[in-house]
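Just so you know, the sequence shown maps onto residues -19 to -1, 1 to 268 in mature numbering (1 follows the signal peptide of the UniProt record, and there is no 0). Accompanying notes for the structure given below.
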Amino acid sequence: MVALALALLLSTLPSPDVACEGRTDAGETFPTCFDPGTGWVLGAGLHLQDAEAALLLRTGILVRVVRTSDSKVDSSWFDSHRLFMTEAWGGARKALTFTGYEGLLRRHVDEGSLLVSLGRPVRIPFPFDVAMAVRAAHLERRVWEGPGWTLETGRVGLLLDPVRTNSEWGWLAVGPAASHTLRHDRDGTTHEVSPFTSLMLDTGWETRDGRWALRVTGLAGWAFDFDGGSHFRARGEVALEHVLLAVNDAPVALRLAATGVRGDAGLSRRNEGMLSAGLVVRPFGER
């Protein structure tokens, strides 16, 4: 339902020019637009899990690149990269998550087409943009579970975007995903693989001045152990950011996030829900 509502919103979104410069009475200019996908993230807030609250710290590097394809003049690439994203919280359930790299690489073509090469080549209209989602080195360490860790060594999603926006302001990418995960505890290390048996969602919307940003991600499907077992797992996250002020042109935003997990949390693959609220600052995040 969230994805459908987002698609309808994006399809009716106007595209006015936004003035991204303010001016003081003395004639000096200052930025009024910000890029939610660019900057060094530093944040702190409150983390709530199983009715227990704890201090949350967050950091990482965001890089967004928009470029025109060299091979096709009517196509563009919208690439979002997240490097060294780290979250840690204390309290009775101390834990840390670290992601070495996460990226969404989306290609927009003004007139999408599909080439069918069986027999005589035929070109037909293709009503989707294509995207690839990549994640590498995602580590979860839960101190309260005892010695051990969970490491998703890699994940790749081959996604289609029916909204086909020609800007970085909105996207709706859905498709199959493959992943490999290691779970290590006192009894040793187990391997878990999902060979494109999971469905992945990565969607988001941003205002053109960058002061509001919404991102929804999800993953659901079957994973298989090397010993022959299998299980269904699902997880999703909704994150909303709103820029409240800027300190020396560095935006400071309120961030609200909610995460739900079924059969995939920690070493015991438990179900759980988490909420967080706090402030994040993004130096170098002005547009």
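C-beta: ideal position from N, C-alpha, C; glycine also.
Helix, strand or coil for residue i? Go by DSSP, reduced to three states.
| i | result |
| --- | --- |
| Gly127 | coil |
| Ala7 | coil |
| Arg145 | coil |
| Ala32 | coil |
| Gly41 | strand |
| Leu(-11) | Here the model assigns Leu(-11) a pLDDT of 46, short of 50, so the residue's position is not dependable and the matter cannot be decided. |
| Ala73 | helix |
| Ser50 | coil |
| Ala246 | strand |
| Leu99 | coil |
| Gly26 | strand |
| Glu15 | The question names Glu, but residue 15 is Phe in the sequence shown. In this structure, Phe15 counts as strand in the three-state DSSP scheme. |
| Phe265 | coil |
| Thr178 | strand |
| Thr67 | strand |
| Arg189 | coil |
| Asn229 | coil |
| Ala(-1) | coil |
DSSP beta-bridge partners for residue i?
| i | result |
| --- | --- |
| Asp206 | Glu173 |
| Glu218 | Thr198 and Thr240 |
| Ala112 | Arg87 and Leu140 |
| Leu235 | His223 and Leu260 |
| Asp183 | Ala154 and Thr198 |
| Gly254 | Gly241 |
| Gly20 | Leu43 |
| Thr134 | DSSP lists no partner for Thr134. |
| Asp60 | Val46 and Leu86 |
| Ala117 | Tyr82 and Gly135 |
Under a Cβ-count criterion, where at least 16 other Cβ atoms within 10 Å of its own Cβ denotes burial, should residue i be classed as buried or exposed?
| i | result |
| --- | --- |
| Asp142 | buried |
| Ala234 | buried |
| Gly169 | exposed |
| Leu225 | exposed |
| His119 | buried |
| Thr10 | exposed |
| Thr5 | exposed |
| Leu96 | exposed |
| Gly71 | exposed |
| Leu27 | exposed |
| Thr80 | buried |
| Phe213 | exposed |
| Gly185 | buried |
| His172 | exposed |
| Glu92 | exposed |
| Pro108 | exposed |
| Pro232 | buried |
If I follow the unbroken beta strand (DSSP E) through residue i, where does it start and stop?
| i | result |
| --- | --- |
| Pro157 | Gly151 to Asp166 |
| Ala76 | Ala76 to Val90 |
| Pro106 | Val103 to Pro106 |
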